[in-house]
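I have placed the structure first, in the form of C-alpha cells, so that the comments after it can refer back to it.
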Amino acid sequence: MAARHLEGSTHFVLNVKVIEKLNPPRITVIVDGEEGITIDDCAKLSRALSDSIDQAGLLNDYTMEVTTPGIDQPLRLLRQYKKHTGRNLKIELKDREMVRGKLVDLQGDVIVLEEEAKTQGKRSEKNIRSINFELIEKTFVMVSFK
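Numbering that gives the first Met the number 0 numbers the first residue of the sequence shown as 0 and each following residue consecutively.
Okay, structure coming up:
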C-alpha cells in the first residue's frame with residue numbers, strides 16, 4: 000500500500016512494521032529517498048496511508064508513524080548509496096571482511112570506494128576498490144563531527 004503512494008517519486012519504502020500487541024496497534028513505515036526525504040514528505044505519506052487504511056476499513060484504531068532510517072541503521076538497498084557519494088562508509092562483507100572508505104561512485108550494482116592504505120611513515124596511499132553489492136552484508140554511513 001505504501002509503495003503505491005510513492006509511485007512516480009524518488010522515495011521508496013525500506014520497511015513496514017506492525018505491532019499488533021500495542022493498544023492501539025502501531026504501524027511504522029520507514030522510507031527513504033534518492034535525494035533525501037523531508038518531514039513534509041513523511042507527513043503527506045502518513046496522511047495518505049491513514050486515509051487508505053480508513054477507507055478500506057482495515058483497522059478502527061491505530062497509531063501511524065512514517066519515518067526515515069536513523070543514522071544507526073544500515074543501508075539496505077543499492078539505491079540508498081547514491082545520496083551518500085563523498086561520505087565515508089564502513090562495510091561488512093558477507094565473508095566478514097571489514098572495509099572502510101569514501102564512496103566515490105556507483106556503477107550499476109558496484110560501489111566504488113576510495114580506501115586509505117597506511118604506508119611506512121606518516122604518508123598514506125589512496126586505493127580504489129570496487130565491491131559488488133551482492134557481496135555486502137551491511138553498510139553504515141560514518142558520521143564525522145569535524
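Using N, Cα and C, we set each Cβ at its ideal position, and we do this for glycine too.
- Query: Do we get a CB-CB distance below 7 Å when we pair C41 with the residues of chain C?
  - Reply: Note that chain C does not occur in the displayed structure, where there is just one protein chain.
- Write down the C-beta distance between G100 and N87 rounded to the nearest angstrom, noting that I regard them as a contact closer than 8 Å. 7 Å
- Query: Roughly how many angstroms lie between the CA atoms of S123 and R75, to the nearest whole one?
  - Reply: 31 Å
- Message: Quick check on the DSSP output: what are the complete alpha helix (DSSP H) runs of length 4 or more inside the stretch 31-78, in order along the chain?
- Response: 38-55
- Take P73 as the anchor and find which of D50, I29, D60 and R25 has the nearest alpha-carbon. I29
- Task: Please say whether S129 and V103 have beta carbons closer to each other than 7 Å?
- Result: no
- In three-state DSSP terms, what is F144? coil
- Item | Nearest to A116 (by Cα), restricted to the options N131, V98, Q106 and E133 | V98
- Who does R25 pair with in a DSSP beta bridge? I18 and T62
- Query: Near E33, which residues of its chain fall below 7 Å by C-beta distance, leaving aside the five closest residues on each side in sequence?
  - Reply: T9, R78, K81 and K82
- First through last residue of the beta strand (DSSP E) which encompasses E115: V109 to K117
- Query: Nearest to T27 by CA position, among I36, D39, T37 and V12, is which residue?
  - Reply: V12
- Taking C-alpha atoms, which residue in K93, L134, E91 and N126 lies nearest to D108? L134
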